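**Student:** First the structure, which I've put down as structure tokens, then a few questions once you've had a look.
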């Protein structure tokens, strides 16, 4: 009971990263519950009757829901302020050709390999390299506002990840299920692995976590 497969995704349509591929993966898993990285307001708007979704995840999930009567919950409920987001990527790209090269490589790999890449250690390593350059360049330019933004976004994502896991555990205490999926952006994959290990040491409820493409 309580088997959860984490599917790492990317919100934009790029080649093999598309709604049909994601739908195929979801249908292969056959979840009875889908947990999605959405806040309550966005969830209500996107999945309202007559609403036409535009993200890969929403298009694929809506298609699955039309065919299978499963439960579906938004779990990204941590309060978000727009001021918490980092807006200095262009500034870093101006100062580092390697940064731009790695971003282009990431887009190219997502386009070519889709969910196989998004759910791989290669993707995690590439994201780590991008973060290393961001931290190095920010240290070099010593812009207080950009550094503050960067740290605010890091804290925000950290809090969101804990909130999403808390919500999943809370829902899992209320509902019995055999198979569930948690669809979340690929940039959270590494952090979620670490936080899940932390949760497993303190939670009485046993959830059987698996990461797609590592099963």
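Residue numbers (the working numbering): 54 to 268. The C-beta atom is built at its ideal place from N, Cα and C for all residues, glycine as well. If you're wondering where the values come from, they're calculated on a predicted model, not measured in any experiment.
Taking the continuous alpha helix (DSSP H) assigned at residue 233, which residues delimit it?
**Tutor:** Translated into the one-based positions of the chain shown, residue 233 becomes position 180. Element bounds for residue 233: not the alpha helix (DSSP H) but the beta strand (DSSP E), 232-238.
**Student:** Rounded to the nearest angstrom, how far is the Cβ of residue 110 from that of residue 55, given a contact under 8 Å?
**Tutor:** Start at 1 with the first residue of the chain shown, and residue 110 comes out as number 57. Start at 1 with the first residue of the chain shown, and residue 55 comes out as number 2. Going by Cβ atoms, the distance from residue 110 to residue 55 rounds to 22 Å, so no, they are not a contact pair.
**Student:** Rank 224, 124, 213 by C-alpha distance to the C-alpha of residue 134 and give the top, closest one.
**Tutor:** For the purposes of this step, residue 134 is taken as residue 81 along the chain shown, with counting starting at 1. The option with the nearest alpha carbon to residue 134 is 213.
**Student:** For my contact list, residue 60 and residue 236 are in at a C-beta cut-off of 8 Å; report their separation, rounded to the angstrom.
**Tutor:** For the purposes of this step, residue 60 is taken as the residue at position 7 of the chain shown. For the purposes of this step, residue 236 is taken as the residue at position 183 of the chain shown. With a Cβ gap of about 5 Å, residue 60 and residue 236 count as contacting.
**Student:** Give the straight-line distance between the Cα atoms of residue 225 and residue 105, rounded to the nearest whole angstrom.
**Tutor:** As a working mapping, residue 225 is identified with position 172 in the chain shown. As a working mapping, residue 105 is identified with position 52 in the chain shown. In a straight line, the C-alpha of residue 225 is about 29 Å away from that of residue 105.
**Student:** Between residue 233 and residue 127, which are expected to be in contact by the criterion C-beta below 8 Å, what is the C-beta distance as a whole number of angstroms?
**Tutor:** Locating residue 233 in the chain shown gives position 180, counting from the first residue. Locating residue 127 in the chain shown gives position 74, counting from the first residue. Not a contact, Cβ separation roughly 14 Å.
**Student:** Report the three-state DSSP secondary structure of residue 133 (helix, strand or coil).
**Tutor:** On the chain shown, position 80 is the one that residue 133 refers to. In the structure shown, residue 133 sits in coil (DSSP, three-state: anything other than H, G, I, E or B).
**Student:** For residue 327, which of helix, strand or coil comes out of DSSP?
**Tutor:** What the structure shows of the chain is the stretch from 54 to 268, and residue 327 is not part of that stretch, so it cannot be assessed.
**Student:** Applying the 10 Å Cβ sphere with the 16-neighbour rule, what's the burial state of residue 258?
**Tutor:** What you label residue 258 is simply residue 205 of the chain shown in a count that begins at 1. Residue 258 comes out exposed.
**Student:** Could you check what DSSP says for residue 170 in three-state terms: helix, strand or coil?
**Tutor:** To locate residue 170, count along the chain shown from 1; it is residue 117. Note: residue 170 maps to helix in three-state DSSP.
**Student:** Could you name the residues of the same chain whose beta carbon sits closer than 7 Å to that of residue 170, not counting the 5 residues immediately before and after it, in chain order?
**Tutor:** Translated into positions along the chain shown, residue 170 becomes position 117. For residue 170, where only same-chain residues beyond five positions count, the Cβ hits under 7 Å are 162, 163, 176.
**Student:** For residue 91, tell me which candidate among 183, 218, 136, 117 has the shortest Cα-Cα distance.
**Tutor:** As a first step, residue 91 is located in the chain shown; it is residue number 38 there, counting from the start. Taking only the C-alpha atoms, the option nearest residue 91 is 218.
**Student:** Specify the secondary structure class of residue 205 as computed by DSSP and reduced to three states.
**Tutor:** For the purposes of this step, residue 205 is taken as the residue at position 152 of the chain shown. Note: residue 205 maps to helix in three-state DSSP.
**Student:** Given a cut-off of 7 Å on the beta-carbon distance, is the pair residue 74 and residue 168 in contact?
**Tutor:** The sequence position of residue 74 within the chain shown is 21, counting from 1. The sequence position of residue 168 within the chain shown is 115, counting from 1. Cβ distance < 7 Å, so residue 74 and residue 168 count as in contact.
**Student:** Please check the pair residue 160 and residue 67, which I expect to be a contact at CB under 8 Å, by giving their CB distance rounded to whole angstroms.
**Tutor:** Here residue 160 refers to the residue found at position 107 of the chain shown. Here residue 67 refers to the residue found at position 14 of the chain shown. About 7 Å; that satisfies the 8 Å criterion.
**Student:** By alpha-carbon positions, which one of 96, 116, 149 ends up nearest to residue 187?
**Tutor:** Looking up residue 187 in the chain shown gives position 134. Closest option to residue 187, Cα to Cα, is 149.
**Student:** Any idea what DSSP makes of residue 198, helix, strand or coil?
**Tutor:** By 1-based counting over the chain shown, the position of residue 198 is 145. Note: residue 198 maps to helix in three-state DSSP.
**Student:** What are the uninterrupted segments assigned as beta strand (DSSP E) that are 3 or more residues long and contained completely in the stretch 60-104, given in chain order?
**Tutor:** Taking only runs of at least 3 residues, the beta strand (DSSP E) segments lying wholly in the stretch 60-104 are 86-89.
**Student:** Output needed for residue 137: all residues of its chain with C-beta closer than 7 Å, excluding positions within five of it in sequence on either side, in chain order.
**Tutor:** Working through the chain shown from its first residue, we reach residue 137 at position 84. Taken in chain order, the residues that qualify are 205, 206, 209.
**Student:** Which residues in the same chain as residue 238 place their Cβ atom closer than 8 Å to its Cβ, once the five residues preceding and following it in sequence are excluded?
**Tutor:** Counted from its first residue, the chain shown places residue 238 at position 185. Within the same chain, residue 238 has close Cβ partners 61, 62, 63, 64, 90.
**Student:** Would you kindly work out how many angstroms separate the C-alpha atoms of residue 200 and residue 263, rounded to a whole number?
**Tutor:** Translated into positions along the chain shown, residue 200 becomes position 147. Translated into positions along the chain shown, residue 263 becomes position 210. When rounded, the distance between both Cα atoms is 35 Å.
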